[in-house]
Amino acid sequence: MLQDQNSALACADVVFNLPVKEAFTYQVPDHFDGMVKVGMRVFVPFGRRRLTGYVVSVSDHNEKEFKLKPIQDVPDADPVISEELLKLTRWIADYYQSSWGEAIKAALPAGLDDTSLDKLSLTEKGAQELVDGSKSTSATHILQTLSAKKGLTPKQLERSLKKKYSAGALAKLKRDGLVKSATKIKRSSLSYIYEKSARLARSLPTKEEIDDLLKRSPKQRTVYEKLCKEEVSIAKLTEEISAPSDAIKNLVKKGLVETFTNKKEKAQASEESDPQWTAESPLKFNEDQERCYRKLA
1 MLQDQNSALA CADVVFNLPV KEAFTYQVPD HFDGMVKVGM RVFVPFGRRR
51 LTGYVVSVSD HNEKEFKLKP IQDVPDADPV ISEELLKLTR WIADYYQSSW
101 GEAIKAALPA GLDDTSLDKL SLTEKGAQEL VDGSKSTSAT HILQTLSAKK
151 GLTPKQLERS LKKKYSAGAL AKLKRDGLVK SATKIKRSSL SYIYEKSARL
201 ARSLPTKEEI DDLLKRSPKQ RTVYEKLCKE EVSIAKLTEE ISAPSDAIKN
251 LVKKGLVETF TNKKEKAQAS EESDPQWTAE SPLKFNEDQE RCYRKLA
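Quick note: the sequence shown, position 51, residue 51 per our numbering, numbers continuous.
Encoded structure:
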């Protein structure tokens, strides 16, 4: 009897940013019915942890022979991963022998999972519903809080309401069009980037020897003279000098220049300047990616 009841429940296959290749199946609770779509993120229990996963398939029945754990929350109103990106990341995972979730994580904007801001706000319909006062107690608490404190994240809302918070009530308010959710990216101020740079070698030959080494290489001379003034990142050199990479390699071989990697702190992006991200946001490929994508399509 339990199996019959279980099989009638909707479920979703979820992958994670973990080195685990198989998808995990979770039950879609009644209050999320119709809301969970392929390409969305979900919050689910995973062992003793609560993780962000990516929905890769949805079914209206469960074929597993055991009781499924339920999805705890759905932060997205719309998919953040398009069908095309799902296909591409699946191919990447198979080709590079990684997990699908790791490939999806790498393809999404940096920080979307870890420091994303899912801002909740009332719609006009939600504001009117609050005036009419026809909703359940849990829903009313959410509407009142979002009316008083605009732009809360789900975590902030849960902290504010404590025991009065209901993920199911919030899901229903989203589904009914009373609450909307917009995802913004906010990069951590503690994150770093690694930047490759170039500088003069510590032990240089004589000026006459340098002139002899560079007399037939004007681009190498231009790069060398630039580095005589200061250490420069390869990225900055590329902006100032066309295709400097070969020149730098040859200068390294000649013992005039050395390259090194710098750890550089990222500037924290302001909340207002961060772009909204949805599956409809166009992805721009470089030439090699475009060529690869056309073959897959």
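Note that CB positions come from ideal geometry on N, CA and C, so glycine has one too.
1. Using DSSP with H/G/I as helix, E/B as strand and the rest coil, what is Thr261?
2. Buried or exposed: where does Arg41 fall if 16 or more other Cβ atoms within 10 Å of its Cβ makes it buried?
3. Where does the unbroken alpha helix (DSSP H) through Val299 begin, and where does it stop?
4. Within 10 angstroms of its Cβ, does Leu88 collect 16 or more other Cβ (buried), or is it exposed?
5. Output the boundary residues of the alpha helix (DSSP H) element that contains Ser59.
6. DSSP puts Ser197 in a beta bridge; with which residues?
7. Would you call the CB atoms of Pro45 and Lys67 closer than 8 Å?
8. In chain order, what residues of the same chain have a beta carbon less than 7 Å from the beta carbon of Thr222, not counting five sequence neighbours either side?
9. Does the segment 13–23 touch the segment 96–105, meaning 3 or more C-beta pairs lie closer than 8 Å?
10. Any idea what DSSP makes of Lys215, helix, strand or coil?
11. Terminal residues of the continuous alpha helix (DSSP H) containing Gln298?
12. Hey, would you say Val55 sits closer than 8 Å to Ala93, going by beta carbons?
13. Are the segment 209–229 and the segment 143–161 touching, with three or more C-beta to C-beta distances below 8 Å?
14. How is the alpha helix (DSSP H) around Tyr26 delimited, first residue to last?
15. Tell me the DSSP bridge mates of Phe46?
16. Report the rounded CA-to-CA distance for Thr52 versus Leu86, giving the unit in angstroms.
17. Would you identify the three-state DSSP class for Pro244, choosing helix, strand or coil?
18. Could you round the C-beta distance between Ser121 and Leu146 to whole angstroms and report it? I think they count as a contact, below 8 Å.
19. Between Gln27 and Ala167, what straight-line distance do the alpha-carbon atoms span, to the nearest angstrom?
20. With three or more beta-carbon pairs closer than 8 Å as the criterion, would you say the segment 223–240 touches the segment 171–185?
21. Measure from the alpha carbon of Val36 to the alpha carbon of each residue in Glu63, Asp78, Leu213 and Lys155, then state which is nearest.
22. Can you look up Thr278 in the DSSP assignment and give me helix, strand or coil?
23. How would you label Ala243, buried or exposed, when you count the other beta carbons within 10 angstroms and need 16 or more for buried?
24. Which residue spans inside the segment 94–171 form an unbroken beta strand (DSSP E) run of at least 3?
25. Which residue from Asn262, Asp212 and Ala107 puts its Cα closest to that of Leu251?
26. Between which residues of its own chain and Ala169 is the CB-CB distance below 7 Å, once the five residues before and five after are set aside?
27. Relative to the C-alpha of Pro154, which residue among Leu204, Arg294 and Gln72 is closest?
28. Start and end of the beta strand (DSSP E) containing Asp13?
29. Which of the three DSSP states, helix, strand or coil, is assigned to Val223?
30. Leaving out the 5 sequence neighbours to the left and right, which residues in its chain are closer than 7 Å to Val74 when beta-carbon positions are compared?
31. Check this for me: beta carbons of Leu204 and Leu227, under 8 Å apart or not?
Inspection of the coordinates gives the following:
1. strand
2. buried
3. Since the displayed the chain opens at 1 and closes at 297, residue 299 lies outside it and no answer follows.
4. buried
5. First-last for Ser59: Arg49 to Ser59, but that is the beta strand (DSSP E), not the alpha helix (DSSP H).
6. Ser233 and Phe260
7. no
8. Ile241
9. yes
10. coil
11. Because residue 298 is not part of the residues shown, which for the chain are 1 to 297, the question remains open.
12. no
13. no
14. Here Tyr26 belongs to no alpha helix (DSSP H); instead the beta strand (DSSP E) covers Phe24 to Gln27.
15. Arg49
16. 16 Å
17. coil
18. 6 Å
19. 15 Å
20. no
21. Asp78
22. Residue confidence for Thr278 is low, a pLDDT of 47 falling below 50, so the modelled location carries little weight; the figure read from the coordinates is stated next. Correct three-state label for Thr278: coil.
23. exposed
24. 116–122
25. Asp212
26. Ser136, Ser138, Ala139 and Ile142
27. Gln72
28. Cys11 to Val15
29. helix
30. Phe32, Met35, Val36, Met40, Val42 and Ala171
31. no
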